[in-house]
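Asker:
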Amino acid sequence: MKLQDWHTHNKMCHHAIGSLEDYIIKAIELNIDTIGTSDHFPYDYLIGIEGLPVHEYAMLLEEIEIYLSNVESLREKYKNGINIKLGFEIDYIEGQVDRLNVHLNDIKPRLDYILGSVHVLYTKEGIPWGMDDSRFSEQYNSLGTDKVYTQYYQLMQKMIKSIDFDLDIVSHFDIPKKFNKVPTSINLIMNEVDKTLELIKKRDLTIEINTAGFRKEIKEQYPSFEILKKMYELDIPVLLGSDAHAPNELAFEFKKIINQLRNIGYAQLASFDKRKRYFIEVNNFINGNIDQ
Ligand SMILES: [Zn+2]
Ligand SMILES: [Zn+2]
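The sequence shown begins at 43 in my numbering and counts up by one.
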């Protein structure tokens with residue numbers, strides 16, 4: 043079975059293990075057809091983030107060129123073994139999109155895709171914290187779990203409405219559930235989920251089905267089966283990402299997801315080349331043939 047994995051990291055972000063080439067070699071070994079490199083975009087252009095350990099979250103601005111040229115030369119080196127797509131996972135930080143674009147605009151023509159993510163939320167005092175960083179998990183108590191979820195979805199909605207924030211794919215849609223903290227008001231949260239999905243549909247974005255959740259306390263993919271069904275009803279395109287932070291996490295639990303998607307009714311998966319979306323039949327993954 044051949045697969046495409048669109049969400050991978052490497053040691054350049056300082057919290058993953060393995061070089062870019064280690065991931066490519068492992069992907070070939072796993073018979074993965076396409077690997078998307080999507081390491082974390084730097085945070086050091088941001089202001090007001092002193093409380094965040096950003097040196098552990100991403101490469102530095104000055105390392106962007108090293109990353110891009112490394113992926114481009116690996117793409118050439120392994121062109122007979124695997125398709126390599128070049129991307130970034132970029133955080134949406136409200137009010138700082140113009141600052142981001144100063145660094146992003148020049149390199150955009152080299153990218154195949156952009157994953158848009160929200161990881162940074164704000165305390166009651168307005169101080170940024172890393173929502174999926176366990177060192178900040180006390181915030182689920184001080185803010186309250188419902189507030190963490192609603193603030194997260196409201197920032198996602200701002201991200202999607204922010205036309206200046208360029209993205210193709212929305213990452214790990216319901217990641218506030220990572221530590222298995224359950225909101226008290228499911229209706230309140232689902233209302234925000236619905237609003238977010240409507241905006242994604244309106245902007246014609248793709249949603250990543252991210253299997254990292256299987257490796258966390260929640261023990262399921264992002265987004266949940268319930269949300270996946272809503273996405274199918276809205277005809278929102280999907281693709282798969284392992285969010286690998288180690289080579290052996292590539293394509294983690296993808297077979298399970300492909301079966302889930304088939305049960306829901308999804309017949310196609312999205313794919314990207316130089317920011318253009320196209321589609322691949324899900325059945326072709328099962329048959330091990332995804333030639334276009
Ligand atoms: Zn990471
Ligand atoms: Zn992420």
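Beta carbons are placed, not taken as given, at the ideal position from N, Cα and C, and that holds for glycine.
1) Taking only the alpha-carbon atoms, compute the straight-line gap between Lys261 and Lys219 and give it to the nearest angstrom.
2) Using the C-alpha atoms, what's the distance from Trp171 back to Tyr164?
3) What did DSSP end up calling Gln263 once you bin it into helix, strand or coil?
4) Taking all protein chains shown into account, do 16 or more other C-beta atoms lie within 10 angstroms of the C-beta of His51, making it buried, or fewer, making it exposed?
5) What residue from Ala286, Leu292 and Arg304 has the CA that sits closest to Leu270's CA?
6) Evaluate Asp133 with the Cβ neighbour count: other Cβ atoms within 10 Å of its Cβ, from every protein chain shown; 16 or more gives buried, anything less gives exposed.
7) What I want to know is whether the C-beta of Ala309 ends up closer than 7 Å to one or more non-hydrogen atoms of ligand 1.
8) Can you list, in chain order, every residue whose CB sits closer than 6 Å to a heavy atom of ligand 2?
9) Given 7 Å as the limit, tell me if Ala58 has its C-beta closer than that to any heavy atom belonging to ligand 1.
10) Going by DSSP, what residues sit across from Glu319 in a beta bridge?
11) Where does His49 land, buried or exposed, given buried means 16+ other C-beta within 10 angstroms?
12) Tell me the rounded alpha-carbon separation between Leu81 and Asp285.
13) Ser159 lies in the beta strand (DSSP E); which residues open and close that run?
14) Quick one: using the 10 Å Cβ neighbour count with 16 as the cut-off for buried, is Pro225 buried or exposed?
15) Reducing DSSP to helix, strand and coil, say where Val235 ends up.
16) Quick check on DSSP: helix, strand or coil for Gly255?
17) I believe Leu18 touches Val280 by the beta-carbon criterion, under 8 Å. Please report the beta-carbon distance rounded to the nearest angstrom.
18) What are the complete alpha helix (DSSP H) segments, minimum 4 residues, inside the stretch 178-211?
19) Would you report the Cα separation of Asp246 and Glu268, rounded to the nearest angstrom?
20) Let me know the secondary structure DSSP gives Asp277 once reduced to three states.
21) Helix, strand or coil: which one does DSSP assign to Asp64?
22) Using alpha carbons as the reference points, say which of Met198, Lys318, Asp315 and Lys297 lies closest to Val324.
23) Specify, as a first and last residue, the run of the beta strand (DSSP E) that Val162 falls within.
24) Mind checking whether the beta-carbon of His49 lies closer than 7 Å to any heavy atom of ligand 1?
25) Would you say His97 touches ligand 1, meaning its beta carbon is less than 7 Å from a heavy atom?
26) Classify Asp47 as helix, strand or coil using the three-state DSSP reduction.
27) Specify the secondary structure class of Ile42 as computed by DSSP and reduced to three states.
28) With 16 as the cutoff for other CB atoms within 10 Å, does Asn229 come out buried or exposed?
Answerer: Based on what the coordinates show:
1) Position 219 of the sequence shown, counted from the start, is the residue given in the question as residue 261. Position 177 of the sequence shown, counted from the start, is the residue given in the question as residue 219. The straight-line gap from Cα to Cα measures roughly 10 Å.
2) Counting from one through the sequence shown, the residue named residue 164 turns up at place 122. Counting from one through the sequence shown, the residue named residue 171 turns up at place 129. Roughly 6 Å separates the two Cα atoms.
3) Within the sequence shown, the letter at position 221 stands for residue 263. Three-state result, Gln263: coil.
4) By one-based count along the sequence shown, residue 51 stands at place 9. Classification for His51: buried.
5) Counting from one through the sequence shown, the residue named residue 270 turns up at place 228. Per the Cα distances, Arg304.
6) Along the sequence shown, read from residue 1 onward, the residue named residue 133 stands at position 91. Asp133 is buried by the Cβ-count criterion.
7) Sequence index remark: in the sequence shown, residue 309 carries index 267 (1-based). Result no, Cβ not under 7 Å from ligand 1.
8) Glu131, Ser159, His161, Ser213 and His214
9) If you number the sequence shown from 1, residue 58 lands on position 16. Flag set: Cβ of Ala58 near ligand 1.
10) On the sequence shown, residue 319 is found 277 positions in, with the first residue counted as 1. Before going further, note that residue 319 is Arg rather than Glu in the sequence given. Per DSSP, Phe314.
11) For this step, residue 49 is matched to residue 7 along the sequence shown. By the 10 Å Cβ count, His49 comes out buried.
12) Reading the sequence shown from its first residue, position 39 is the one you call residue 81. Reading the sequence shown from its first residue, position 243 is the one you call residue 285. First, the amino acid is wrong: residue 81 is Asp here, not Leu. If you take the alpha carbons of Asp81 and Asp285, they lie about 9 Å apart.
13) The sequence position of residue 159 within the sequence shown is 117, counting from 1. In the DSSP assignment, Ser159 falls within the beta strand (DSSP E) that extends over Tyr155 to Ser159.
14) In the sequence shown, residue 225 corresponds to position 183, counting from 1. Buried.
15) In the sequence shown, the residue the question calls residue 235 occupies position 193. If DSSP states are grouped into helix, strand and coil, Val235 belongs with the helices.
16) Mapped onto the sequence shown, residue 255 falls at position 213. Reduced to three states, the DSSP call for Gly255 is helix.
17) With the chain running from 43 to 334 in the structure shown, residue 18 is simply not present.
18) 181-184 and 187-203
19) Position 204 of the sequence shown holds residue 246. Position 226 of the sequence shown holds residue 268. Rounded to the nearest angstrom, the two C-alpha atoms are 20 Å apart.
20) Taking the first residue of the sequence shown as position 1, residue 277 is located at position 235. Asp277: coil per DSSP, three-state reduction.
21) Walking along the sequence shown from the start, residue 64 turns up at place 22. If DSSP states are grouped into helix, strand and coil, Asp64 belongs with the helices.
22) As a position in the sequence shown, residue 324 is number 282, starting the count at 1. Among Met198, Lys318, Asp315 and Lys297, the Cα nearest to that of Val324 belongs to Lys297.
23) Translated into positions along the sequence shown, residue 162 becomes position 120. Where Val162 is concerned, the enclosing beta strand (DSSP E) stretches over Val162 to Tyr164.
24) Locating residue 49 in the sequence shown gives position 7, where the first residue counts as 1. No, Cβ of His49 sits at least 7 Å from all heavy atoms of ligand 1.
25) Residue 97 sits at position 55 when you count from the first residue of the sequence shown. Checking the Cβ of His97 against ligand 1 gives no.
26) For the purposes of this step, residue 47 is identified with residue 5 of the sequence shown, where counting begins at 1. Here Asp47 sits in strand by DSSP.
27) There is no way to answer for residue 42, as the model of the chain reaches only from 43 to 334.
28) Position 187 of the sequence shown holds residue 229. The residue is exposed, with fewer than 16 neighbouring Cβ atoms inside 10 Å.
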